[in-house]
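Novice: The following block contains the structure, expressed as structure tokens.
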Amino acid sequence: MIGAGAMKPENYETKPIFTLAGVGKTFRSGTRALQTIDITVLSGAFVSLVGPSGCGKSTLLRIIAGLLPPSQGRVHWESDVTGHIGFVFQEPTLMPWATVWDNVYLPLRLAGRSRNDASASIARTLASLGLGGFEQAYPRELSGGMRMRVSIARALVKAPSLLLLDEPFAALDELTRFRLNEDLLRLWGEQRWTVVFVTHSVFEAVFLSNRIVVMTPRPGRIVADLPIDLPYPREGSLRTATAYAERCRAVSAVLNEAVL
Amino acid sequence: MNARGRERLAGIAAPLVAGVLFLAGWQAVVQWQGIPPYILPSPVAIAEALWRDGPSLLGSLLVTLRITAAALVAAIVLGGALAILFAQSRLLEISLFPYAVILQVTPVVAIAPLIIIWVNDTFLALLVCAWIVAFFPIVANTTLGLNSADRNLVELFRLYGASRWQTLRYLRLPAALPYFLAGVRISGGLALIGAVVAEFVAGTGGAETGLAYRILEAGYRLQIPKLFAALLLLSATGIAIFAALSWITRRLIGHWHESALPRDD
Numbered sequence: 144m145i146g147a148g149a150m151k152p153e154n155y156e157t158k159p160i161f162t163l164a165g166v167g168k169t170f171r172s173g174t175r176a177l178q179t180i181d182i183t184v185l186s187g188a189f190v191s192l193v194g195p196s197g198c199g200k201s202t203l204l205r206i207i208a209g210l211l212p213p214s215q216g217r218v219h220w221e222s223d224v225t226g227h228i229g230f231v232f233q234e235p236t237l238m239p240w241a242t243v244w245d246n247v248y249l250p251l252r253l254a255g256r257s258r259n260d261a262s263a264s265i266a267r268t269l270a271s272l273g274l275g276g277f278e279q280a281y282p283r284e285l286s287g288g289m290r291m292r293v294s295i296a297r298a299l300v301k302a303p304s305l306l307l308l309d310e311p312f313a314a315l316d317e318l319t320r321f322r323l324n325e326d327l328l329r330l331w332g333e334q335r336w337t338v339v340f341v342t343h344s345v346f347e348a349v350f351l352s353n354r355i356v357v358m359t360p361r362p363g364r365i366v367a368d369l370p371i372d373l374p375y376p377r378e379g380s381l382r383t384a385t386a387y388a389e390r391c392r393a394v395s396a397v398l399n400e401a402v403l
Numbered sequence: 012m013n014a015r016g017r018e019r020l021a022g023i024a025a026p027l028v029a030g031v032l033f034l035a036g037w038q039a040v041v042q043w044q045g046i047p048p049y050i051l052p053s054p055v056a057i058a059e060a061l062w063r064d065g066p067s068l069l070g071s072l073l074v075t076l077r078i079t080a081a082a083l084v085a086a087i088v089l090g091g092a093l094a095i096l097f098a099q100s101r102l103l104e105i106s107l108f109p110y111a112v113i114l115q116v117t118p119v120v121a122i123a124p125l126i127i128i129w130v131n132d133t134f135l136a137l138l139v140c141a142w143i144v145a146f147f148p149i150v151a152n153t154t155l156g157l158n159s160a161d162r163n164l165v166e167l168f169r170l171y172g173a174s175r176w177q178t179l180r181y182l183r184l185p186a187a188l189p190y191f192l193a194g195v196r197i198s199g200g201l202a203l204i205g206a207v208v209a210e211f212v213a214g215t216g217g218a219e220t221g222l223a224y225r226i227l228e229a230g231y232r233l234q235i236p237k238l239f240a241a242l243l244l245l246s247a248t249g250i251a252i253f254a255a256l257s258w259i260t261r262r263l264i265g266h267w268h269e270s271a272l273p274r275d276d
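The listed protein sequences derive, respectively, from chains R and F.
In this text, residue positions in the first sequence follow my numbering: the first is 144, and each later residue adds one.
In this text, residue positions in the second sequence follow my numbering: the first is 12, and each later residue adds one.
Right under this line is the structure:
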């Protein structure tokens, strides 16, 4: 495994993976999306960016991915992660003409791996997301939740160092979202890639992350950076625990204060 | 029989009944009014002409079909290649696309005489005329299709460092396939029209004559039932081309594209 897997346990959350230094973004239309973002993300961390729509959290994610150049500042990488970033969009964004297997094969195919060579990684990734037996299905034959699983499998199949997720579960029903939250946490516990997770749900962010970055709009900026000290592994039962409710209340309070 | 089966039966039976009624009315009007066959032949007279002249008309149809097929293949190859070229360079697209439009909007009847002067071989001249009519829908549709790949997927390809060729091969071409096929379906009919129109203008020198020439000839000789028989063959051919191309479309993209999915009402 590249990145996190090769690292010694004591290095978790001590060694930075990247640092944003004074990153700002003004679009060509004149819209100021982001204003001086400074943040360091540690290797193996699960960081959530939380904020109302228009706070520039998706823009920030795209700048980290290298899909959008910042107008000011820069992204400093501790090591070269080119080709080892997984990205999950709000929509599953699958190729409708390709089967589940071929959709998950895409990152490996683009890296020049043959189908035979890739099949073991693909089988393992599909199984880990409960997609075994769906290899030959087309996206249109799957439910929204299953499509999102395929999208996550595609992001994970190349064993990424960094996983970026842009409100991936926003369009799903609550039960499906909870189950995907738990599966994502389980896989993170096993494989320990670094995660930057964009969401507008405080409850989702608290459940998943060990660090929450709260952002506000016009222009987008960071107003709070909160550690979430709930121990892992976190199970579904955490959702009804008092400790969880307290953290949610604390983050909501910060968010409300910042937005109003 | 379930609702779906009944609907399918109705879809076949209803137009059939309407057609039979129309033909019966036509036959009745021609007989009762005593309209001479050189003004309007009755359906029975047309059927007789089709039976009598069918074999020789089929030979001419084959000539027209050869031009149609060659023009369609040329339109697919050149139109597809041009669209892929456009997708590679925006500058090339904005430089050349207007000329493709000009070629499309200029009536083929008007430029056919020129082409016949410039191109010595008659078959080739007719082929060029039919190609001019047929190639535009393929260029326009395929260009649109190549440019309409999901933007997030395009970004994903970029994130994984995909080469230009990989993006074309694994993303833009499959995304363009439904558009391309829709273009081909339109072009199939247009190639036939182009072949007929060109022959109307050019005539066919030599021993082999296409259906258009036979229609003209029947008109001059006031063999109107035969003219109708040739027309009938021509539209049957157009329908057959469309049906064949629709079948190919379903075979190629039926397993994933929205347009080919069964409706669940």
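Where a beta carbon is used, it is the ideal one built from N, C-alpha and C, also for glycine.
Any C-beta of chain R sitting closer than 8 Å to the C-beta of arginine 15 of chain F?
Specialist: If you number the second sequence from 1, residue 15 of chain F lands on position 4. For arginine 15 of chain F, the answer is no, since every Cβ of chain R falls outside 8 Å of its Cβ.
Novice: Nearest by alpha-carbon distance to valine 74 of chain F: which of F:Asn131, F:Tyr224, F:Gly230 is it?
Specialist: Residue mapping note: residue 74 of chain F aligns to position 63 of the second sequence, counting from 1. The shortest C-alpha separation from valine 74 of chain F is found at F:Tyr224.
Novice: At a cut-off of 7 Å, is proline 54 of chain F close to the ligand HEM when judged by its beta-carbon and the heavy atoms of the ligand?
Specialist: In the structure on display, the ligand HEM does not appear, and there are no ligands present to speak of.
Novice: Enumerate in chain order the residues of its own chain whose CB-to-CB distance from methionine 144 of chain R is below 6 Å, with the five nearest sequence positions on each side excluded.
Specialist: Within the first sequence, residue 144 of chain R is the residue found at index 1, counting from 1. Low per-residue confidence applies at methionine 144 of chain R: pLDDT is 37, beneath 50, and the placement is therefore not dependable, though the value from the model is reported in the following sentence. Answer for methionine 144 of chain R: Ala302, listed in chain order.
Novice: Count Cβ pairs between the segment 155-172 of chain R and the segment 321-334 of chain R that sit closer than 8 Å; are there 3 or more?
Specialist: no
Novice: Is asparagine 163 of chain F close to chain R? Criterion is C-beta to C-beta, closer than 8 Å.
Specialist: Indexing the second sequence from 1 puts residue 163 of chain F at position 152. Chain R contact via Cβ: present.
Novice: Check each residue of the segment 276-293 of chain R: if its Cβ is closer than 9 Å to any Cβ of chain F, include it; give the result in chain order.
Specialist: Tyr281, Pro282, Arg283
Novice: With distances taken from CA atoms, which of R:Ser344, R:Gly273, R:Gly165 is nearest glutamate 317 of chain R?
Specialist: The residue labelled residue 317 of chain R in the question sits at position 174 within the first sequence. The shortest Cα separation from glutamate 317 of chain R among R:Ser344, R:Gly273, R:Gly165 belongs to R:Ser344.
Novice: Taking the C-alpha atoms as reference points, what is the distance between leucine 227 of chain F and tyrosine 190 of chain F?
Specialist: Position 216 of the second sequence, counted from the first residue, corresponds to residue 227 of chain F. Position 179 of the second sequence, counted from the first residue, corresponds to residue 190 of chain F. Between leucine 227 of chain F and tyrosine 190 of chain F, the C-alpha separation is close to 37 Å.
Novice: Taking a cut of 8 Å between CB atoms, which residues from the segment 222-248 of chain R lie near chain F?
Specialist: Thr225, Gly226, Ile228, Phe230, Phe232, Glu234, Thr236, Met238, Pro239, Trp240, Ala241
Novice: Bridge partners of phenylalanine 350 of chain R, per DSSP?
Specialist: On the first sequence, position 207 is the one that residue 350 of chain R refers to. DSSP, once it has assigned bridges, lists no residue as partnering phenylalanine 350 of chain R.
Novice: Tell me, please, which residues DSSP counts as bridged to aspartate 368 of chain R.
Specialist: Start at 1 with the first residue of the first sequence, and residue 368 of chain R comes out as number 225. Per DSSP, R:Val356.
Novice: If we define contact as Cβ-Cβ less than 8 Å, is glycine 30 of chain F a contact residue for chain R?
Specialist: As a first step, residue 30 of chain F must be located in the second sequence, where it is residue number 19. Answer no: the Cβ-Cβ gap between glycine 30 of chain F and chain R never drops below 8 Å.
Novice: Kindly say whether arginine 252 of chain R, judged by its beta-carbon, lies nearer than 8 Å to any beta-carbon of chain F.
Specialist: Residue 252 of chain R sits at position 109 when you count from the first residue of the first sequence. Closer than 8 Å: yes.
Novice: Note down, one range per segment and in chain order, each beta strand (DSSP E) of at least 3 residues found wholly within the segment 304-336 of chain R.
Specialist: 305-309
Novice: In the structure shown, what three-state DSSP assignment does leucine 177 of chain R receive?
Specialist: Against the first sequence, residue 177 of chain R aligns to sequence position 34. Residue state, collapsed to three classes: strand.
Novice: Are there 16 or more other CB atoms within 10 angstroms of the CB of asparagine 353 of chain R, so buried, or fewer, so exposed?
Specialist: The residue labelled residue 353 of chain R in the question sits at position 210 within the first sequence. Buried is the call here.
Novice: Can you give me the C-alpha to C-alpha distance between tryptophan 336 of chain R and tryptophan 267 of chain F, rounded to a whole angstrom?
Specialist: Here residue 336 of chain R refers to the residue found at position 193 of the first sequence. Here residue 267 of chain F refers to the residue found at position 256 of the second sequence. Tryptophan 336 of chain R and tryptophan 267 of chain F: Cα-Cα distance of roughly 33 Å.
Novice: Per the DSSP calculation, tryptophan 220 of chain R is bridged to which residue(s)?
Specialist: Position 77 of the first sequence, counted from the first residue, corresponds to residue 220 of chain R. Tryptophan 220 of chain R is bridged to R:Phe161.
Novice: Could you check whether the Cβ of alanine 25 of chain F sits closer than 8 Å to any Cβ belonging to chain R?
Specialist: Taking the first residue of the second sequence as position 1, residue 25 of chain F is located at position 14. Under the Cβ criterion of 8 Å, alanine 25 of chain F is not counted among the residues facing chain R.
Novice: For the candidate residues R:Thr383, R:Glu333, R:Trp240, whose alpha-carbon lies nearest to that of leucine 299 of chain R?
Specialist: Taking the first residue of the first sequence as position 1, residue 299 of chain R is located at position 156. Of R:Thr383, R:Glu333, R:Trp240, the residue nearest in Cα terms is R:Glu333.
Novice: Thinking valine 208 of chain F and valine 130 of chain F are a contact (beta carbons under 8 Å), I'd like their distance in whole angstroms, please.
Specialist: In the second sequence, counting from the first residue as 1, residue 208 of chain F sits at position 197. In the second sequence, counting from the first residue as 1, residue 130 of chain F sits at position 119. Not a contact, Cβ separation roughly 16 Å.
Novice: Might you give, ordered along the chain, the residues of its own chain that have their beta carbon closer than 6 Å to the beta carbon of valine 224 of chain R, omitting 5 neighbours on each side?
Specialist: In the first sequence, the residue the question calls residue 224 of chain R occupies position 81. These residues qualify, in order along the chain: Ser304, Leu305.
Novice: Against chain R, does arginine 261 of chain F count as a neighbour if the rule is that its beta carbon must be under 8 Å from one of theirs?
Specialist: For the purposes of this step, residue 261 of chain F is taken as the residue at position 250 of the second sequence. Arginine 261 of chain F does not count as touching chain R.
Novice: Anything in chain F within Cβ reach of leucine 210 of chain R, meaning under 7 Å, just list it in chain order.
Specialist: By one-based count along the first sequence, residue 210 of chain R stands at place 67. In chain order: Glu166, Arg169, Leu170.
Novice: According to DSSP, is threonine 248 of chain F part of a helix, a strand, or is it coil?
Specialist: For this step, residue 248 of chain F is matched to residue 237 along the second sequence. Helix at threonine 248 of chain F.
Novice: What in chain R is Cβ-close to proline 66 of chain F, meaning under 7 Å?
Specialist: Walking along the second sequence from the start, residue 66 of chain F turns up at place 55. Ordered by position in chain R, no residue passes the 7 Å Cβ test against proline 66 of chain F, which lies about 45 Å from the chain.
Novice: Determine, using beta carbons only, whether phenylalanine 340 of chain R and serine 201 of chain R come nearer to each other than 8 Å.
Specialist: Here residue 340 of chain R refers to the residue found at position 197 when the first sequence is read from its first residue. Here residue 201 of chain R refers to the residue found at position 58 when the first sequence is read from its first residue. No, the pair does not count as a contact, with Cβ atoms beyond the cut-off.
Novice: For threonine 260 of chain F, does the three-state DSSP call read helix, strand or coil?
Specialist: The count along the second sequence starts at 1 and reaches residue 260 of chain F at position 249. DSSP places threonine 260 of chain F in helix when its eight states are reduced to three.
Novice: Whose C-alpha, out of R:Gly167, R:Gln178, R:Phe350, is nearest the C-alpha of proline 374 of chain R?
Specialist: Within the first sequence, numbered from 1, the residue matching residue 374 of chain R stands at position 231. Considering only alpha carbons, the answer is R:Phe350.
Novice: Extract the residue ranges of the alpha helix (DSSP H) inside the segment 69-136 of chain F, only unbroken runs of 4 or more that lie entirely within it.
Specialist: 101-116, 119-129
Novice: Expressed to the nearest angstrom, what Euclidean distance is found between the alpha-carbon atoms of alanine 81 of chain F and arginine 196 of chain F?
Specialist: Along the second sequence, read from residue 1 onward, the residue named residue 81 of chain F stands at position 70. Along the second sequence, read from residue 1 onward, the residue named residue 196 of chain F stands at position 185. C-alpha separation (whole angstroms): 15 Å.
Novice: Pick from F:Gly16, F:Val112, F:Thr178, F:Val28: whose alpha carbon is nearest that of glutamine 99 of chain F?
Specialist: In the second sequence, the residue the question calls residue 99 of chain F occupies position 88. Closest by alpha carbon: F:Thr178.
Novice: For glutamine 233 of chain R, does the three-state DSSP call read helix, strand or coil?
Specialist: As a first step, residue 233 of chain R is located in the first sequence; it is residue number 90 there, counting from the start. Looking at glutamine 233 of chain R - three-state DSSP - the assignment turns out to be coil, as it is neither helix nor strand.
Novice: For tryptophan 331 of chain R, which option in R:Thr268, R:Thr383, R:Glu278 has the closest C-alpha, if you only look at C-alpha atoms?
Specialist: Position 188 of the first sequence holds residue 331 of chain R. Tryptophan 331 of chain R has its Cα closest to that of R:Thr268, out of R:Thr268, R:Thr383, R:Glu278.
Novice: Work out the CA separation of glycine 194 of chain F and tryptophan 244 of chain R for me, nearest whole Å.
Specialist: Along the first sequence, read from residue 1 onward, the residue named residue 244 of chain R stands at position 101. Along the second sequence, read from residue 1 onward, the residue named residue 194 of chain F stands at position 183. Computed Cα separation, rounded: 30 Å.
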